[in-house]
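Numbering (UniProt numbering), first residue to last: 1 to 571.
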């Protein structure tokens, strides 16, 4: 408790220094509101800035190793991480080594911002800008302002013995393609930044359309024009050369030709969309939408594959990929969609409006509760038209292959999923579960499967021909919120009920101590990334990975047979 209070006091003083507020005699209501607004900002940059302010107690903009170590100790104490606290000096040294390459003995806070910007935009943007500026303010002025004799001596033969003007050089195809290419790239990269893509930036109308995933998605297609301009830019040079000596455009054109051929092939020959009807929609806590739709007759897939989903009511052009969570033997398709961008958020909100509220509608749900809203198509037959008035239109494309689809080739599976990334493995587990249920019928007969905890009919894919299937499956699901366990509760209940021989072994882990990105955990997250990137070691467990499960699996594998094959899939 004492460590937590000390940490809170340090945060309090740091927030006061940020706002240039004297905190010794207390703060008023308006100042408390300002402090609160700083603390609840969810982006990592703001929360790391609070930590840097905590380190920089003298306000000189420089962080020493001792100051960094002190805050790591406080952060470790607040999160009850004894190992991190014990090794605080080593991790502080790691941060200094990474951010103080000149060994000055301190880190300048302004350098941290430049370092972050450099990482985000990369060396490509920097060198592209440098390349452009050198042409516009060095090469062109020297070519146009030098004496005619100097021009003839160094560039006359290459430029046709006619000295160009600055405007003439700017009107050449090289300059025009270069300027437009920089504009398209800069515009696309700007809208791809986190603040614009996640709609954190609130722009006034009519510029509000430039923020959000839709703006990012459409602007990203400008890069197609940028690549075309890059090919032209590398071919039409001011200083003429034979075409076979101009190599830059070749390095771009040939890969682009392969890419365009693949896209054209998939678009013309494989890209068939299906209109499907929504059977059921469930909105879970954690901003997850589960959609159960009819399965087109020609839609053949394997567990682990994914498909694209389009909702014309939201956008006529946007297709978004989602892993299929239903099993191939089910007579429906299901996907679980987490609302992260503006398209998925709008889709979730649209279906939430059609969902029936829970029985205790008036009661306010508690944080991390397992409450969900659910609705079904009216009537027993999901294909009747009157049931579809509740839901927006849904189209699907696919299926498309993924590495996990080859799980049937292996005897033992280790499936590791993080949060919503567990979706392809749910399909695998459901497929295995369908073969574990007693009295599995032959092809064409019906069995009773479950959808979201309710009974829905399906067809078996066993075929009665002794089809090879994995003998054991170990499923590890790591999630941050308790409410996440409700997403696949029906599947887990079915496994517990029907898997009497323990073919499927489930391990669920809840990792939340504090909310991810919390000010008390922001610096730890940064140290974690640095330590793992440099040494491959987790700072909490002090290991690369827990190898105990591999020892257990290997021990069990020895008793099966020497040809037993083992595979790991992770998302």
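Glycine residues also receive a C-beta, built at the ideal position from the N, C-alpha and C atoms.
Residue i burial status per 10 Å Cβ neighbour count (16 or more: buried)
i: residue 30; result: exposed
i: residue 301; result: buried
i: residue 219; result: buried
i: residue 134; result: exposed
i: residue 138; result: exposed
i: residue 576; result: Absent from the structure is residue 576, since the part of the chain shown begins at 1 and ends at 571.
i: residue 211; result: buried
i: residue 460; result: Interpretation of residue 460 is limited by its pLDDT of 36, a score under 50 that renders its predicted location unreliable; no figure is taken from the coordinates.
i: residue 473; result: buried
i: residue 264; result: exposed
i: residue 497; result: exposed
i: residue 5; result: exposed
i: residue 207; result: exposed
i: residue 209; result: exposed
Residues near residue i by beta carbon distance below 7 Å, same chain, minus five either side
i: residue 295; result: 331, 332, 333
i: residue 495; result: 429, 433, 504, 506
i: residue 13; result: 23
i: residue 98; result: 530
i: residue 256; result: 227
i: residue 347; result: 289, 311, 314, 337
i: residue 25; result: none
Residues near residue i by beta carbon distance below 6 Å, same chain, minus five either side
i: residue 216; result: 191, 192, 197
i: residue 276; result: 293, 294, 394, 396
i: residue 253; result: 231
i: residue 18; result: 53
i: residue 405; result: 302, 304, 305
i: residue 424; result: 304, 323, 404
i: residue 88; result: 69, 72, 73
i: residue 547; result: Confidence at residue 547 is low in this model, with a pLDDT of 42, below 50, so its placement is unreliable and no value can be given for it.
i: residue 251; result: none
i: residue 471; result: 411
i: residue 339; result: 287, 345, 348
i: residue 65; result: 92, 96
Of the residues the options, the one placed nearest residue i, counting alpha carbons only
i: residue 310; options: 9, 284, 288, 272; result: 272
i: residue 326; options: 422, 317, 426; result: 426
i: residue 306; options: 287, 318, 418, 328; result: 328
i: residue 417; options: 335, 338, 509; result: 509
i: residue 401; options: 474, 437, 476, 322; result: 322
i: residue 178; options: 241, 236, 201; result: 236
i: residue 11; options: 398, 71, 102, 280; result: 71
i: residue 279; options: 291, 85, 77; result: 291
i: residue 399; options: 265, 166, 308; result: 308
i: residue 171; options: 157, 195, 146, 140; result: 140
i: residue 419; options: 390, 351, 511, 391; result: 511
Under the three-state DSSP convention, the category residue i falls into
i: residue 505; result: strand
i: residue 310; result: strand
i: residue 201; result: coil
i: residue 437; result: coil
i: residue 390; result: helix
i: residue 334; result: strand
i: residue 321; result: strand
i: residue 352; result: helix
i: residue 292; result: strand
i: residue 490; result: helix
i: residue 458; result: The pLDDT assigned to residue 458 is 39, lower than 50, so where the model puts this residue is not dependable, and the model offers no usable value.
i: residue 164; result: coil
i: residue 395; result: strand
i: residue 495; result: helix
i: residue 21; result: coil
i: residue 327; result: coil
i: residue 415; result: strand
Distance CB(residue i)-CB(residue j) smaller than 8 Å
i: residue 226; j: residue 258; result: no
i: residue 213; j: residue 341; result: yes
i: residue 299; j: residue 336; result: no
i: residue 414; j: residue 499; result: no
i: residue 68; j: residue 96; result: yes
i: residue 574; j: residue 62; result: Limits of the chain in this structure are 1 at one end and 571 at the other, which puts residue 574 out of reach.
i: residue 408; j: residue 488; result: no
i: residue 180; j: residue 136; result: no
i: residue 158; j: residue 239; result: yes
i: residue 481; j: residue 286; result: yes
i: residue 143; j: residue 155; result: yes
i: residue 161; j: residue 167; result: no
i: residue 578; j: residue 86; result: This structure gives no information on residue 578, because the portion of the chain shown stretches from 1 to 571.
i: residue 248; j: residue 182; result: no
Beta-carbon proximity list for residue i, same chain, < 8 Å, skipping 5 on both sides
i: residue 148; result: 163
i: residue 281; result: 289, 290, 291, 292, 351, 354, 355, 374, 375, 391
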